[in-house]
Structure formats: C-alpha cells, structure tokens
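Residue numbers (this note's numbering), protein chains in the order written: chain C, 7 to 248; chain X, 63 to 454. Have a look at the structure below before the remarks.
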Amino acid sequence: MIKVDGIHKSFGKVHAVRGVSFDAPDGKITGLLGPNGAGKSTTLRVLYTVLRPDQGCASIDTADVVTESLAARQRIGALPHGAGLYPHLTARENIAYYARLCGLENHAVDERVENLVALLEISDFADRRTKGFSQGQRTKVALARALVHNPQNVILDEPSNGLDVMATRSLRDLILKLKDAGRCVLFSSHVMQEVAALCDDIVIIANGKVAIDDSADGIRERTGCDDLEDAFVRAIEMVEPG
Amino acid sequence: MRTLLTVFAKEVVDNFRDRRTLASALIMGPLFGPVLFAFVINLSIEQSLGDMDRTMTLPVVGQQHAPNLMNYLRSHNIDVVDGPADRDAAVLAVTTGEQDVVVIVPDGFGEQLADTVPAKVELISDQANTQAERDARRVRGALHSYSQELATMRLVARGVSPLVLRPIHVDEIDVSTPSGRSAILLGMMSYFFIFALLMGGMYLAIDTTAGERERGSLEPLLSLPVTRDQLMLGKIAATCVFMAVSLLLSLCSFFVALKFMPLEQLGMTPNFGPMVVVAAFFVLAPFILLGASLMTLVASFTKSYKEAQTWLSIVLVAPTLPILIVSILTLRPQLEFMFVPSLSQHLLLVDMIKNEPVNLLHVAISVSSTLAIGAALTWICARLYRREGLLG
C-alpha cells in the first residue's frame with residue numbers, strides 16, 4: 007500500500023509537484039495520469055526514494071520514504087522512466103545482479119531468475135547480451151529486474167512507452183497478474199485509454215496538483231463527459247495553471 | 063560487505079567485456095610507456111654515439127691554400143668537398159640552411175703560417191640550429207686540435223717542451239655510478255607507471271558513474287534496497303583492481319623492454335631487477351586508491367560520458383606537475399616531499415633505480431599520506447553519492 011500526503015518538490019525555480027496526495031491500495035491498480043511535465047515522474051521518484059520531498063510525506067506500507075528509505079525500498083520494485091540495462095551483460099546476468107544486490111543467496115538467485123524469466127516470457131533472449139535489444143525486450147528485462155526481491159508494491163513510470171501492440175499486451179497481462187497476487191501496482195501514463203482499460207483508480211495530475219482521484223466511471227460522471235479523452239482534458243482544465 | 067562484493071564482481075565482469083576499457087587498461091597504459099621510452103632511448107643513443115664514427119662532408123672554400131689541413135680533416139673522418147664559389151655564396155648557403163657548416167681558407171693562409179702569425183680560417187655556421195651546431199662543433203674541434211698539433215711541433219722545433227703550454231692539468235673525477243646516470247633519463251619512468259595506473263581505471267571510473275547515469279541504469283540501481291555507500295565502494299574497488307593490473311603489467315613490460323635497450327652504451331645500468339619491480343609495485347600501490355577515488359569523484363560531477371572523458375584526461379596529466387617542477391629545479395628528496403602523492407612515489411622510485419639506499423621513513427610517510435588522501439577522497443565520493451542531485 008502506498009500513501010502520499012501533500013508532497014511538494016521544486017527544482018530550482020520550477021515547482022514541479024505542489025501538494026500531491028493519494029492512496030494506492032493493495033490488490034488494486036492505480037494509474038497516475040497526466041500530460042507531459044505534469045509532475046508524474048517526480049512524484050514516483052519521491053516514492054522510490056531517489057528524490058526527497060521538500061514538504062509532505064509518503065509511505066510504502068508503513069515505511070516512511072525519507073526516514074526509513076531503506077525499508078521503503080525493500081517493499082518497492084521500481085521501473086524508472088527509460089530504465090537502462092548493462093549492455094555487456096546478458097538479460098539473465100542483469101537480473102541476477104539485482105537479485106544478489108537484494109541479498110539473495112547464490113542458489114536462490116538462480117531459482118528467482120528462472121521464475122522471472124518464465125513469468126515475463128523472456129527465455130528466448132535471456133542468454134543474449136542486452137546490447138541491441140528492442141525497446142520491448144529491454145522493458146521486460148528491466149521489469150523482471152525490478153521484481154527480483156518480490157516486492158509488495160510495484161511502481162512503473164510510463165512502462166508502455168515505445169512498446170508495440172504485442173509488447174503492450176503482455177505488459178498489461180503482467181500488471182493484471184500482479185494485481186491478482188494482491189500487489190499494489192502504481193503506474194504512470196499519458197494515455198487515457200491505457201489507464202482506463204487497466205486501472206481501478208485513476209489519479210489525474212496537472213501542473214503538479216491532483217485534478218481528480220476516482221474510478222474511470224467516477225471521472226466520467228464528475229466531468230460530465232462520456233468520452234474519456236474529453237474527460238481527461240476537462241479534468242486538466244479544472245486545475246488552475248501556474 | 064556482500065553488496066560491495068556483488069557490485070565489485072559485476073563491474074569487473076562488465077568491464078572485462080568492454081573492449082575499450084580492456085584496451086586502455088591492459089594494452090594502451092602498459093605499452094605506451096615502454097614503446098615511447100625505447101624510441102627516446104634509441105634516438106639519444108643514435109645522436110650521441112653515431113657522431114664521431116660517422117663520416118661528415120664539409121664544404122671548404124679555398125682548399126688549395128691548405129693541403130695539409132685538408133689531409134688532417136680527412137684523417138678525422140671529415141670528407142672535404144668543394145664549397146660554394148666565394149664567401150658571400152657560403153654565407154648565403156648556411157643562412158638558407160642549404161649547408162650546415164662551411165669553412166673558408168683565405169688566400170694568405172700559407173704565408174701567415176710560414177710567418178708564424180695566426181693564420182685565419184673562417185668557419186660559417188648557424189649557432190641557433192642545434193642539429194647543424196653538432197657538425198660545427200666537430201669541425202671546430204678538429205681545427206682546434208690541428209692548431210694544437212702545429213703549436214707543439216713549433217715548440218719542439220725550437221727546443222721547448224710542449225708541456226710549458228699546460229701549466230695546469232685538470233683531472234675530473236666523476237662519482238656518478240652507471241645506475242645514477244640512468245636516473246636522469248629513467249626518472250620519467252615513474253610517470254609512465256602512474257599514467258598506466260590511471261589509464262587502467264579511467265574508463266571504469268567513467269562507466270560506473272557518468273556512463274551509468276547516461277545509460278539510465280543508475281536510477282533503478284539506486285531504487286534497490288541497498289545503501290549507496292556500498293554501491294560506491296564496490297565501484298571504487300573494481301576501479302582499483304583494474305588500476306593494479308595495469309600498473310603490474312606496465313612494470314613487467316618495462317622490465318622486459320629494458321633488457322632490449324642498449325643502455326650500457328649510454329653508460330647506464332638501471333637497477334631494475336625483479337626485486338625492484340616488486341618493491342616499485344608496493345611503493346606505487348597506495349596511489350591506486352587515490353587515483354581510483356579521484357577519478358570516480360571527478361567523473362561523478364560530470365553530466366555525460368564525453369564530459370567525463372575530457373575532465374579525466376586532465377586528471378591523467380595532473381600527477382606530472384610535481385614531478386616536472388622537482389625535475390626542473392633538480393631538488394633532492396626531502397621529508398616534506400614525501401607528503402605529496404606522485405612526487406613521493408617518483409622520488410622513491412628514482413632512488414631505487416639509482417641503487418641508492420631508500421629511506422624507510424620516507425617510504426612510511428609516502429605510503430601513509432597517499433593512503434590517507436585516497437581514503438579521504440573515497441569518503442567524499444560516498445558522501446557525494448548520497449546527494450539526490452547525483453541523478454542529474
């Protein structure tokens with residue numbers, strides 16, 4: 007479970023996030039939706055403890071992301087935007103490296119990597135060096151890597167970026183599998199349809215603030231638009247600029 | 063500790079598969095020194111040895127006025143040939159660099175000799191041209207010794223001992239040993255070792271910081287449940303290992319290369335046996351930690367791989383500065399110098415090559431101060447890795 011309570015974050019003069027609050031419960035998929043530059047990535051980066059919030063707090067299960075950042079990281083599997091792999095290592099070695107870093111014993115590492123290779127269906131290219139992998143292959147390996155310590159909470163920053171239809175589909179299946187396993191899944195996107203098709207809860211962010219936090223139907227109702235794209239645009243307009 | 067070892071093992075494997083890192087660590091660094099060195103040594107041997115034996119050609123204007131002098135020059139391996147038409151043409155030829163040196167024997171040479179007044183011979187050369195000046199010096203020497211020979215003959219003919227012309231006999235005693243003379247030239251070896259050492263870890267230092275950030279693999283790494291200090295230390299440890307391997311290879315390649323250089327002909331026998339190789343490794347080893355942490359630190363501040371490369375090539379040259387200053391001022395090893403990294407290693411190495419007793423206090427200060435600075439830089443790196451600005 008992820009709780010976000012009024013976080014602010016500035017970079018120099020740019021006030022990127024201005025008091026974002028929401029909850030992402032276990033066993034549900036929560037979508038963070040917003041136009042480019044709305045503050046989605048910054049919010050997620052605060053959650054996986056790479057950035058410290060200027061104000062407000064956030065917690066993963068019970069661990070505070072600032073004061074107990076190590077405990078918080080133990081409960082998160084994060085897929086940052088544009089996550090890179092090590093090109094000289096094979097897919098399997100990339101995953102195994104993270105497994106070892108997370109403290110798994112040697113025999114457990116192999117087993118865990120095997121499970122993830124099966125889960126993400128990457129056995130075809132698991133033993134190839136990742137240099138020259140397609141975007142879809144890279145995302146799958148990066149995702150396997152993020153799940154290596156079996157985290158209760160999974161944070162994905164624009165995971166479907168650059169993926170073709172087939173890859174997007176298998177990503178969607180995986181996210182649903184995680185949900186069925188009772189995990190808390192939080193992912194960001196700027197594509198309304200994608201979020202609507204998958205999410206139980208949608209948090210629309212614009213100008214660093216939460217515009218609406220509701221289900222897809224709830225958003226349609228509150229904005230008075232039947233078309234989801236119109237609803238998205240209307241919701242963004244509800245937030246005053248600047 | 064486990065995290066540190068995991069990061070260490072991964073960085074070693076990863077970089078062993080990278081051709082550029084491998085080439086710079088195992089080939090470029092260790093071979094650059096010996097190759098350049100062999101080139102310089104052979105060049106200087108050629109310059110200093112070839113001189114006397116080589117037959118040089120000397121254009122002379124007015125040969126017919128001094129046939130005996132011409133014979134004397136020929137007997138000293140100086141091949142006398144016809145010179146330019148007259149004095150003006152000779153000056154022009156030397157000015158334009160067409161000829162290095164021209165000798166003019168004026169008309170009255172024979173008469174002046176017969177009258178025992180100083181007989182004039184003109185030697186035209188360009189003293190600013192070092193290459194030509196070597197030939198001019200040789201001709202000057204030959205003319206001088208001819209003049210001496212004539213003077214001796216004149217004195218003997220008058221029944222005077224030629225020794226009256228030598229009221230003082232200066233006997234020079236050179237106390238430098240063949241090993242000592244080597245140190246002048248071989249002093250630059252220490253820089254090659256430090257260069258090879260730094261070169262060995264350079265690409266690793268870039269790859270583990272700026273490279274990792276540019277590839278986008280740093281952020282997922284930092285979101286793992288491990289402390290950043292451990293990641294940093296593992297990376298520095300891997301860089302250290304590459305530097306150590308590079309240093310060792312470079313010492314060994316010098317050891318082999320020196321066997322094939324005709325240094326005895328230059329009057330040098332560097333003391334660089336297997337024991338010195340081992341001792342040199344231990345004297346230079348503390349510099350590894352300093353080099354690895356310094357390079358990692360500098361690379362951490364840069365935004366991209368390219369920028370890191372630019373800055374690190376400056377780091378690569380920086381250790382020469384103290385060595386250069388001390389070499390120019392020809393300062394003797396002093397206690398204070400032992401606190402300066404790279405300089406202390408250089409001075410200790412020179413002592414070893416000279417086969418002079420090495421001051422153990424100096425070694426202790428050099429090792430401990432270099433290690434202390436390395437540890438401090440490592441600590442700063444670890445602190446820096448805690449900053450969130452690290453991700454750029």
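Think of the CB as a built atom: it goes at the ideal place given N, C-alpha and C, for glycine as much as any other residue.
Once you ignore the five residues that flank residue i on each side, which residues in its own chain have a CB closer than 8 Å to its CB?
i	result
X/Leu359	Leu439, Ile442, Cys443 and Leu446
X/Val345	Gln407, Leu410, Leu411, Met414, Val425, Ser428 and Val429
C/Cys190	Met7, Ile8, Ala30, Pro31, Asp32, Gly33, Lys34, Thr36, Gln158, Asn159 and Val160
C/Leu95	Tyr103, Arg135 and Thr136
Cα-Cα, which of the options is closest to residue i?
i	options	result
X/Thr68	X/Pro224, X/Ala190, X/Leu283 and X/Phe254	X/Leu283
C/Thr68	C/Ala187, C/Met172, C/Ala78 and C/Asp206	C/Ala78
X/Tyr457	X/Gly273, X/Leu120 and X/Ala176	In the structure as shown, chain X starts at 63 and stops at 454, and residue 457 of chain X therefore has no counterpart that could be examined.
X/Asp169	X/Gly159, X/Glu160 and X/Lys182	X/Lys182
C/Thr73	C/Leu85, C/Gly83 and C/Leu57	C/Leu57
X/Phe322	X/Gly91, X/Val97, X/Ile166 and X/Ser86	X/Val97
C/Asp70	C/Gly83, C/Ala84, C/Leu85 and C/Tyr54	C/Tyr54
X/Gly145	X/Val179, X/Ala176 and X/Glu184	X/Glu184
C/Thr250	C/Asp186, C/Glu235, C/Met244 and C/Asp170	Residue 250 of chain C lies beyond the residue range present for chain C, which begins at 7 and ends at 248; the question has no answer from this structure.
X/Val318	X/Leu227, X/Phe99 and X/Asp76	X/Phe99
C/Phe28	C/Thr49, C/Leu125 and C/Ala44	C/Thr49
C/Leu85	C/Leu180, C/Asp186, C/Ile161 and C/Val216	C/Ile161
C/Lys34	C/Ile208, C/Val245 and C/Asp223	C/Ile208
X/Met337	X/Arg277, X/Met414, X/Thr364 and X/Ile390	X/Met414
X/Leu205	X/Leu217, X/Ala176 and X/His138	X/His138
X/Gln126	X/Asn77, X/Thr364 and X/Val165	X/Val165
C/His21	C/Ala44, C/Val119 and C/Ala102	C/Ala44
C/Asn112	X/Met264, X/Gly329, X/Gly335 and X/Arg64	X/Arg64
X/Thr382	X/Pro229, X/Val74 and X/Ile256	X/Ile256
C/Gly12	C/Cys63, C/Leu38, C/Gly40 and C/Asn42	C/Cys63
C/Ser176	C/Ala114, C/Leu153, C/Ala102 and C/Gln143	C/Gln143
C/Gln141	C/Asp133, C/Asp116 and C/Met172	C/Met172
X/Val377	X/Pro395, X/Lys365 and X/Ser404	X/Ser404
C/Ile211	C/Gly18, C/Lys19, C/Val10 and C/Val26	C/Val26
Take residue i and list the residues in its own chain whose beta-carbon comes closer than 7 Å to its own, dropping the five residues that flank it on each side.
i	result
C/Thr229	Ala237, Arg240 and Ala241
C/Thr174	Ser166
X/Tyr208	Leu131 and Tyr134
C/His87	Ser47, Asp163 and Glu164
C/Asn100	Leu91, Tyr92, Thr136, Val147 and Arg151
C/Asp232	Arg226
C/Leu110	Arg118
X/Phe343	Leu309, Leu310 and Leu313
X/Ile268	Ala361, Tyr367, Ala370, Gln371 and Leu374
C/Asp60	His14, Lys15 and Ser16
X/Leu161	It is Gln, not Leu, that sits at residue 161 of chain X in the sequence shown. For X/Gln161, where only same-chain residues beyond five positions count, the Cβ hits under 7 Å are Pro121 and Ala155.
Could you tell me which residues DSSP puts in a beta bridge with residue i?
i	result
X/Leu120	X/Val142
C/Leu30	The displayed chain sequence assigns Ala, not Leu, to residue 30 of chain C. Paired residues: C/Ile8.
C/Phe17	C/Val20
X/Asp291	DSSP output for X/Asp291 lists no bridge partner at all.
C/Gly5	Residue 5 of chain C lies beyond the stretch modelled for chain C, which goes from 7 to 248, so this question has no answer here.
C/Arg135	C/Thr96
For residue i, I'd like the list of residues in its chain whose CB is within less than 6 Å of its CB, leaving aside the five on either flank, ordered along the chain.
i	result
C/His155	Cys108
C/Thr36	Ala30, Leu192 and Asp207
C/Lys215	Arg24 and Val245
C/Asp219	Phe28 and Val209
X/Thr119	Asp141 and Val143
At what residues does the beta strand (DSSP E) containing residue i begin and finish?
i	result
C/Cys63	Gln61 to Ile66
C/Val71	No beta strand (DSSP E) contains C/Val71, which DSSP labels as neither H nor E.
C/Ala217	Lys215 to Asp220
Let's see if you can read the secondary structure: which residues bound the alpha helix (DSSP H) around residue i?
i	result
C/Leu85	Segment Ile82 to Leu85 is the beta strand (DSSP E) holding C/Leu85; no alpha helix (DSSP H) there.
X/Thr157	Arg149 to Thr157
X/Gly262	Met251 to Ile268
C/Leu234	Leu234 to Glu243
X/Glu72	Per the sequence presented here, residue 72 of chain X reads as Lys, with Glu not at that position. Where X/Lys72 is concerned, the enclosing alpha helix (DSSP H) stretches over Arg64 to Phe78.
X/Ile350	Pro348 to Phe363
X/Gly436	Leu422 to Arg448
C/Val56	No alpha helix (DSSP H) contains C/Val56, which DSSP labels as neither H nor E.
X/His127	Note, X/His127: premise wrong, no alpha helix (DSSP H); not H, not E.
X/Leu284	Leu280 to Leu284
X/His231	That residue, X/His231, is in no alpha helix (DSSP H); it is neither H nor E in DSSP.
X/Ala414	Strictly speaking, residue 414 of chain X in this sequence is Met, with Ala absent from that position. From DSSP, the alpha helix (DSSP H) with X/Met414 extends over Leu405 to Ile415.
C/Glu120	Asn112 to Leu125
Counting only runs of 3+ residues fully inside the stretch 147-211 of chain C, write out the beta strand (DSSP E) ranges in chain order. 159-163 and 190-195
4-residue-minimum alpha helix (DSSP H) runs that sit fully inside the stretch 162-223 of chain X, ordered along the chain: 171-176 and 192-219
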